[in-house]
Each structure stands twice: as structure tokens, then as C-alpha cells.
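First comes the structure, then the notes that go with it.
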Amino acid sequence: MGIAQGTQAASSSSSRTPNNLSAPTLTKSPWRKTQFTYQNLVDEIISIKPQCPANVLLLGPTGAGKSSFINSILTTAKGRRVNKAYTGNKETSFTTTYERYMDEGIVQHCCLWDSMGIEHVLEGGLLLDDLVYLLKGHIKRGYKFNPRSKISETDPFFRTKPRIEDQIHCVVFVLDAGMVDEAIMKPYMSKIASLQERAHSLNIPCNLILTKIDELCQEVREDAEKTFWSVKVHYAVISAANMFGIPEGNIHPVRNYEVDIEIDDAASTHILIALRQIMYFASDKIEELKKNEERGCIVS
Ligand SMILES: Nc1nc2c(ncn2[C@@H]2O[C@H](COP(=O)(O)OP(=O)(O)OP(=O)(O)O)[C@@H](O)[C@H]2O)c(=O)[nH]1
Ligand SMILES: [Mg+2]
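According to this note's numbering, the sequence shown is numbered sequentially starting from 9.
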């Protein structure tokens, strides 16, 4: 997986570019086919039982909506608004501490790990060296990131010998759908490419979440059920697939619970679609790690 690689589907995107102002904003049929009900998705997610709790790491630029996505998952799990992860807008990352979020129901087999945002400046935000330690499970919950230096191996938050249960089993990149544009993303590209490479070299599966689709598309703002009919959202998915070399099917557009007061089944359904894939990917990774351990293979 690499920045320059596009998927075949993504390469045919130019004819679908929504630059024409008179072009329709909704497609005639959904560009992503779905065959489930809200309850089917909940039942399916609960039935995914990895051999240990799945560690899911959220990564992405500052302000992309990582902490909000965690709140959205917890909100969907509880069926009421949850605001456990601090969210907000700041020049530098709002989240500065490595924190874990867990709950019951759809998240009973999952630990969501919130990290510091990626900044476009070299000495800012999450460091690549820290990322590698995070992925391998060396960094403990509660560590306060230092954008100027990586964690020391003598730090009390450094775990010398991580077990499979401590490692990251799925990486979730989070991007603001409105930022999926080569010019806007340019300052972040090399950092994101390096993050992807690190995850790829450890064979850790990745998903991409596109947030703030309510700001991208008026129709989606009014009705989240229009998500898979929205030309703008589809274009953002295709563009992200092209830019990051991630298959379209691994890219999930969501509207986080930020503006809404009430629970919205359509918005929750899109959160569930993303979570289902995250759980399957993490579960497969845990199975692979456990099998390797049984065979005596040590992956470092
Ligand atoms: N309209 C809208 N706003 C959103 C959405 N997701 C996040 N936001 C807003 O975007 C801002 C940043 O969200 P956060 O969740 O704090 O972003 P983050 O990626 O955790 O940022 P850092 O912790 O700084 O790295 C907040 O003001 C959120 O309310 C969304 O889907 N729609
Ligand atoms: Mg945050």
C-alpha cells in the first residue's frame, strides 16, 4: 500500500468529478450497495469475537475527527450521546495523551485508542518513532506525547515486552472529507505515507474514515441516509482511494455525532458499517498473531 498507488476503480474517477455546478448532487442509485438493517449490523458486530480484545488505533491530522469518531462509536453503542473523548479545534493537537476507550454492546470486544494528531510541520504532532512503538504495543495508556522527542525506553509508560494483547490490531486513518484534495493534503502527504508504510511493514490492516460529510454535502447534512447517494461523498471516497492507495471498500464516510442532539439511525448505521469492517480486520490480525505465536515465530 502506498500513496502513489490508486485502485482500478479509483483511476476511472475523472468522469465522475463533481466540478460541474449544474451536475446532480445525488446519484440515481446508491454507489455503494448495502443489504442490512441497523439491528443486523449490531448483531453481526457483537458476533465477531476476536481471541483477545481488538486494539484499534485512530490516526490522522489534527482536527480530523479522531476523538469525535470514538465518541460516535460509543454513542452508537449506548444509544445516547456519549462525550468521553475530548474534542475541539486547536492549531496543535487537542488530544495529547494516549487514551483507551471501551464499553459494552458493540464495543465489548474492542479497545479504541486515541492518539495525538499528525501535524504538517516536522517537529509537531505524533512522531513516527512513537508510532512504531504504539503499533508494537510498547506504549502504555496515559502516556503524554512529546512532539519533540520520542518516548524513552526507560519511561514508566514504556512496556519492554509487549504481548499480542498489547499490540495494535487495526489502524484507522481519519480524515476530514473536505480535506481530500491534493493541494490541501500536500503538507501532510509524506508523514501520512510514512505512517502507512510503518503499519504496512508490520502487516497491520488499515481502514480510512472520512468525517464531516455533513459539511461536504447539504443533502447528507439534512439526511444521513443520502450518504451513499451523494456525488460529493462518492468523489471524496474515490479521491481518497487514489491519494492513499486504499481500496474504496475500506473507506467509510461518516457523519460524527457532533451537531446532532438526538440519535440518528442513518448516521449510526454508517458508524456501524465502519466498525464492522474494523472488527473483522482486527480479528483476522489477532488470529494471525496467535497462529505465529503457536508456531514460535516472533515478529519484531
Ligand atoms: N460537522 C462535523 N464536525 C465534526 C465531525 N467530526 C468532528 N467534528 C468537529 O471537528 C473538530 C475536531 O474534532 P476532534 O474529534 O477533536 O478531532 P481530532 O482528530 O481528535 O483532533 P486532535 O485531537 O486535535 O488531533 C471538533 O470541533 C468536532 O466537533 C463531523 O463529522 N461533522
Ligand atoms: Mg483528538
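For every residue, glycine included, the Cβ atom is placed at its ideal position computed from N, Cα and C.
Residue i beta carbon near ligand 1 (any heavy atom closer than 7 Å)
| i | result |
| --- | --- |
| G186 | no |
| T103 | yes |
| V179 | no |
| T84 | no |
| E99 | no |
| D231 | no |
| R263 | yes |
| E266 | yes |
Through-space distance from residue j to residue i, alpha-carbon basis
| i | j | result |
| --- | --- | --- |
| E233 | L218 | 16 Å |
| S291 | K57 | 7 Å |
| N215 | D184 | 14 Å |
| Y288 | L143 | 18 Å |
| I294 | H208 | 15 Å |
| R156 | F166 | 17 Å |
| S20 | I279 | At S20 the pLDDT is 39, less than 50, meaning the model places this residue with poor confidence and gives no usable figure here. |
| V262 | M251 | 19 Å |
| A109 | Q116 | In the sequence under discussion, the amino acid at residue 109 is Tyr, which differs from the Ala named in the question. If I take the Cα positions, the gap works out to 11 Å. |
| D272 | R229 | 12 Å |
| E127 | S160 | 21 Å |
| I281 | K86 | 16 Å |
| K158 | L65 | 18 Å |
| K299 | A191 | 43 Å |
| S54 | I286 | Here the sequence assigns Ile to residue 54, which means Ser is not the residue at that position. Their Cα atoms are separated by approximately 13 Å. |
| G304 | W121 | 28 Å |
| R40 | S247 | 15 Å |
Selected residue, minimal CA-CA separation from residue i, among the options
| i | options | result |
| --- | --- | --- |
| S123 | G71, D231, T277, I259 | G71 |
| T33 | S238, E99, D231 | S238 |
| K240 | N258, D189, H208 | D189 |
| Y243 | L203, D137, L224, V129 | L224 |
| G150 | E161, E107, N258 | E107 |
| R206 | P38, L136, E52, T35 | L136 |
| E112 | W121, T84, E99, E131 | T84 |
| E99 | T42, L297, G133, Q43 | G133 |
| L297 | Y141, D174, P195 | D174 |
Test item: CB-CB of residue i and residue j under 8 Å
| i | j | result |
| --- | --- | --- |
| M153 | T104 | Checking the sequence, you will find Phe at residue 153 rather than Met. Contact flag set, yes. |
| Y46 | T277 | yes |
| V50 | I114 | yes |
| N79 | C119 | no |
| G73 | K220 | yes |
| S101 | G125 | yes |
| I147 | C60 | no |
| E256 | V245 | yes |
| P170 | G145 | yes |
| L203 | L139 | yes |
| R284 | E52 | yes |
| I259 | A249 | yes |
| I254 | I212 | no |
Any non-hydrogen atom of ligand 2 within 7 Å of residue i CB
| i | result |
| --- | --- |
| S209 | no |
| K74 | yes |
| G125 | yes |
| T277 | no |
| T95 | yes |
| D122 | yes |
Any non-hydrogen atom of ligand 4 within 7 Å of residue i CB
| i | result |
| --- | --- |
| M251 | In the structure on display, ligand 4 does not appear, and the ligands it does have are ligand 1 and ligand 2. |
*Indicate whether the contact test is met: 3 or more Cβ pairs, each with one atom in the region 265-272 and one in the region 77-91, closer than 8 Å.*
yes
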